[in-house]
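In this note's numbering, the protein residues as written are 1085 to 1154.
Beta carbons are placed, not taken as given, at the ideal position from N, Cα and C, and that holds for glycine.
Okay, so here's the structure we're looking at.
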Amino acid sequence: MKPYTYIIYPHVRPEVLWAESIEEAVKKVEALMPADGYAEICPFGTTDKVEVGKRAVNRTEIPFDCRNPE
């Protein structure tokens, strides 16, 4: 299991979840967020971001840095 950092907007505090893969992390976050929500997920310690939700395309807000979740 690896840690993944995620934010479900409009919340601004990153949370951490454990998953075997990014696909599993996406499924877990999708289950937590509202149907019309948006979230960003990345492997802990990286800046590689995966966007989830209906607003995932053409995102204009500044992405968070997963290396510093505070």
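Buried versus exposed call for Thr1089 [16 or more other C-beta atoms within 10 Å across all chains shown]: buried
- request: Might you give, ordered along the chain, the residues of its own chain that have their beta carbon closer than 8 Å to the beta carbon of Val1110, omitting 5 neighbours on each side?
  value: Ile1125, Val1134 and Val1136
query: Does the beta-carbon distance from Phe1128 to Pro1094 come in below 8 Å?
result: no
message: The beta strand (DSSP E) that contains Lys1086, what's its start and end?
response: Counting along the chain, the beta strand (DSSP E) containing Lys1086 begins and ends at Lys1086 to Tyr1093.
- request: Please report how far the alpha carbon of Val1096 lies from the alpha carbon of Tyr1122, in whole angstroms.
  value: 12 Å
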